[in-house]
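Protein chains in written order, with this note's numbering: chain Y, 1 to 239; chain U, 1 to 239. Here a beta-carbon is modelled for each residue, glycine too, at the ideal position from N, C-alpha and C.
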C-alpha cells in the first residue's frame with residue numbers, strides 16, 4: 001500500500017487581500033461568483049498574484065488536477081493499493097476517495113474544487129468522494145502513522161527512483177511526498193517530517209511526471225504489471 | 001532516439017455538420033469565433049457530438065494536452081532524444097518541436113490549437129514550434145522511416161512495458177504508437193502499419209499514463225536516469 005501526499009500544493013481560494021484587485025473583480029463578475037468562492041489561478045490573476053507572499057508557489061490548481069488524474073487512473077489505484085492526499089499551501093487537506101472519478105476537463109475540475117472549498121465535502125450528502133479539512137501536515141502524518149516518509153525534491157540525495165522505491169516497498173506503511181507547487185522547494189517545516197529526501201533527476205521535474213513515475217515504479221517493485229498481465233492471459237483463455 | 005505518435009487523436013475543429021446545432025451556435029457566440037475556428041470538445045458539445053460517426057473517439061483535446069505535457073517535460077525530451085507527432089482522427093499531423101513550451105492552462109492550450117488549425121504554423125512567422133499538415137499515418141511513417149513500429153493497445157499481446165521497451169531500445173529508429181482517443185481501438189488501417197501490438201495492462205489505460213510510462217521505461221532502458229544523476233553529483237561537487 002502506497003500513500004501519496006501532494007504537499008504544499010498551489011491550490012487555494014482567492015485570498016482576502018486580493019478581493020478588491022481590479023483583475024480579481026473583473027474575473028469574479030465574469031464568473032458570477034464572489035472572489036472568496038473562486039480558486040486562485042495564475043493564468044487569470046497573474047498581475048494580482050504578484051503581491052502575495054511566496055507567490056511563486058501559489059495559484060496553480062492545474063498541477064493538482066494533472067497529478068490526481070495520473071494517480072487515480074493508475075493500475076495501483078484500480079487495485080486499491082493507493083491512497084492520495086492533497087495538502088495545500090494554507091494547510092488544508094483533501095482526502096481523495098480512490099473511487100472518485102475526477103472531471104478531465106479543467107474548467108469542471110476548478111468548479112468542483114470551488115464547491116469543495118465551499119461545502120467541505122463532495123458530494124455534500126452521502127459517502128464522501130472528496131473531503132476538505134483544515135489540517136497541518138504534521139497532523140495528517142499523525143493520522144496516517146507511516147513507518148517511513150520519503151520526500152522527492154531537487155535538494156535530496158541523488159538516487160534513481162528505482163533505488164528509492166526499492167527501499168520503501170518493503171515498508172509497512174510508506175508515505176511519498178511530492179511538491180504540489182511549480183517552483184521553489186519544500187519548507188523547512190515540511191522537511192522536518194521526512195525520513196529521507198531524494199533527488200531523482202538533474203533538473204526539476206513536473207509534479208505530474210513525478211507522480212506518474214513513483215506510482216509506476218512502486219507497481220514494478222510489487223510486481224503488479226506481471227500479476228495483472230497474468231489475469232489478462234487467463235481472461236483471454238476463458239473468453 | 002524515440003519517436004512517439006499519438007495516433008487517431010480526438011483533436012479536430014467542429015465539423016461542418018454541427019455548425020448549425022443550437023449547442024454549437026451558443027458556444028460559438030460565447031467564444032466570439034465562428035464554429036469552423038473552434039475545437040470540438042465533448043465537455044461543451046456533448047449533445048451535438050452524438051450525431052457524429054465514430055463519436056466515441058472524438059472531441060477530447062484534453063487527452064492530447066496532457067499527453068504532450070507529459071512528453072515534453074520528460075528528461076528524455078530535455079536530452080533531445082524524443083520526437084512527438086500528433087496524428088488526428090481526420091488525418092492531420094502536428095509536428096511538435098521538442099523545444100516548444102505548451103501552455104499548462106487548458107483554455108490557453110485550446111486557443112493555441114485553434115490558432116494552429118487556422119494558420120497551420122505556430123508562431124505564424126519564424127522557426128515553427130508547431131506545424132499542422134494534412135497527412136495520413138502511412139505518409140507520416142514513410143517520412144520517419146522507422147526500423148520498428150510498436151503499437152500499445154488493449155488488443156495486443158500481453159507483455160510488460162519493460163519487455164516491450166527492451167526489444168525496441170536496440171532498434172535504430174523506433175516509433176511507438178499510442179491512441180490519442182478515449183474509447184475504442186485503433187482502426188484496421190492503422191494496425192496494418194505496425195510491426196507489433198502489445199497490451200501492457202489488464203485494463204485500458206489513459207493516453208497520458210501510457211505516454212509517461214513508455215518514456216520513463218525508455219529512459220531506463222538507455223540508462224538515462226543514472227547518467228543524469230551522475231551529472232547532478234558532478235554539478236554538486238563543483239559548485
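Beta-carbon spacing of residue i, residue j below 8 Å
i             : j             : result
residue 85/U  : residue 129/U : no
residue 14/Y  : residue 35/Y  : yes
residue 31/Y  : residue 39/Y  : no
residue 62/U  : residue 106/U : yes
residue 232/U : residue 113/U : no
residue 176/U : residue 234/U : no
residue 70/U  : residue 212/U : yes
residue 87/Y  : residue 137/Y : yes
Buried versus exposed call for residue i [16 or more other C-beta atoms within 10 Å across all chains shown]
i             : result
residue 108/U : exposed
residue 90/Y  : exposed
residue 172/U : exposed
residue 134/Y : exposed
residue 220/U : buried
residue 180/U : buried
residue 170/Y : exposed
residue 209/U : buried
residue 190/U : buried
residue 192/Y : exposed
residue 104/U : buried
Residue i to residue j span [Cα, whole Å]
i             : j             : result
residue 184/Y : residue 42/Y  : 16 Å
residue 24/Y  : residue 64/Y  : 22 Å
residue 115/U : residue 122/U : 8 Å
residue 143/Y : residue 157/Y : 27 Å
residue 161/Y : residue 56/Y  : 27 Å
residue 67/U  : residue 166/Y : 27 Å
residue 111/Y : residue 16/Y  : 19 Å
residue 153/U : residue 194/U : 11 Å
residue 227/Y : residue 76/Y  : 12 Å
residue 145/U : residue 100/U : 24 Å
residue 187/Y : residue 155/Y : 12 Å
residue 178/Y : residue 207/Y : 7 Å
residue 3/U   : residue 124/U : 25 Å
residue 202/Y : residue 98/U  : 18 Å
residue 239/Y : residue 204/U : 17 Å
residue 74/Y  : residue 28/Y  : 36 Å
residue 102/Y : residue 182/U : 15 Å
residue 196/Y : residue 196/U : 42 Å
residue 164/U : residue 54/U  : 30 Å
residue 94/U  : residue 96/Y  : 36 Å
residue 26/U  : residue 26/Y  : 22 Å
residue 33/U  : residue 236/Y : 49 Å
Contacts around residue i, its chain only, beta-carbon distance under 7 Å, and the 5 residues preceding and following it disregarded
i             : result
residue 47/U  : 23
residue 21/U  : 48
residue 222/U : 169
residue 79/Y  : 224
Nearest-angstrom Cβ-Cβ length linking residue i and residue j, presumed shorter than 8 Å
i             : j             : result
residue 58/Y  : residue 49/Y  : 7 Å
residue 218/U : residue 216/Y : In fact, because the Cβ distance is near 13 Å, the residues do not count as touching under 8 Å.
residue 18/Y  : residue 45/Y  : 7 Å
residue 225/Y : residue 200/U : 7 Å
Residues near residue i in its chain [Cβ-Cβ closer than 6 Å; skip 5 each side]
i             : result
residue 120/U : 132
residue 159/U : 198
residue 241/U : There is no way to answer for residue 241/U, as the model of chain U reaches only from 1 to 239.
residue 1/U   : 81
residue 83/Y  : 3
residue 117/Y : 13
Own chain partners of residue i with C-beta closer than 8 Å, once the 5 adjacent residues on each side are dropped
i             : result
residue 230/U : none
Beta carbon proximity, residue i to chain C, threshold 8 Å
i            : result
residue 98/Y : The displayed structure is made up of protein chains Y and U, and chain C is not among them.
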